[in-house]
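In the numbering used here, the protein residues as written are 86 to 215. Let me begin by presenting the structure, written as structure tokens, before commenting on it.
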């Protein structure tokens with residue numbers, strides 16, 4: 086009779102669900118970046134807005150029918166994969182790189198400014214109304 090050791094893997098990531106061959110375009114872009122900048126250079130920190138801008142440029146080019154990035158010659162899909170990897174990594178490990186526009190704070194600021202500084206005028210006589 087063969088026995089088997091216990092493993093308590095409930096709730097742990099199931100890496101076997103990832104089709105790693107689909108990540109090859111991303112690896113090629115990471116290799117390109119390692120040559121151009123340095124291996125793991127991106128881990129020093131990239132602003133979230135910059136990552137998203139790059140991601141959107143590659144998505145747009147891909148949707149317009151362009152398969153490969155003119156600069157690298159590599160798949161736009163690989164560049165998109167890299168950007169989503171960078172985005173996920175920054176949000177988890179470098180949250181201080183999150184420079185997204187804060188709409189709620191902006192709207193609150195605008196409301197405060199409006200109450201303090203904006204005067205309304207009437208069309209009839211252009212007189213101030215507070």
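Cβ atoms here follow ideal geometry from the backbone N, Cα and C, with glycine treated the same way. Please read all numbers here as calculations on a predicted model, not as lab measurements.
Pull up the DSSP beta-bridge partners for residue 160, would you. 153
Using alpha carbons as the reference points, say which of 106, 123, 99, 138 lies closest to residue 185. 138
Leaving out the 5 sequence neighbours to the left and right, which residues in its chain are closer than 6 Å to residue 143 when beta-carbon positions are compared? 161, 164, 165
Exposed or buried, residue 168, counting other C-beta atoms within 10 Å across all chains shown (16 or more means buried)? buried
So, is the C-beta of residue 140 closer than 8 Å to a C-beta in chain D? The question asks about chain D, but that chain is absent: this structure has only one protein chain.
Can you tell me whether residue 191 is buried or exposed? The criterion is at least 16 other CB atoms within 10 Å of its CB, across all chains shown. exposed
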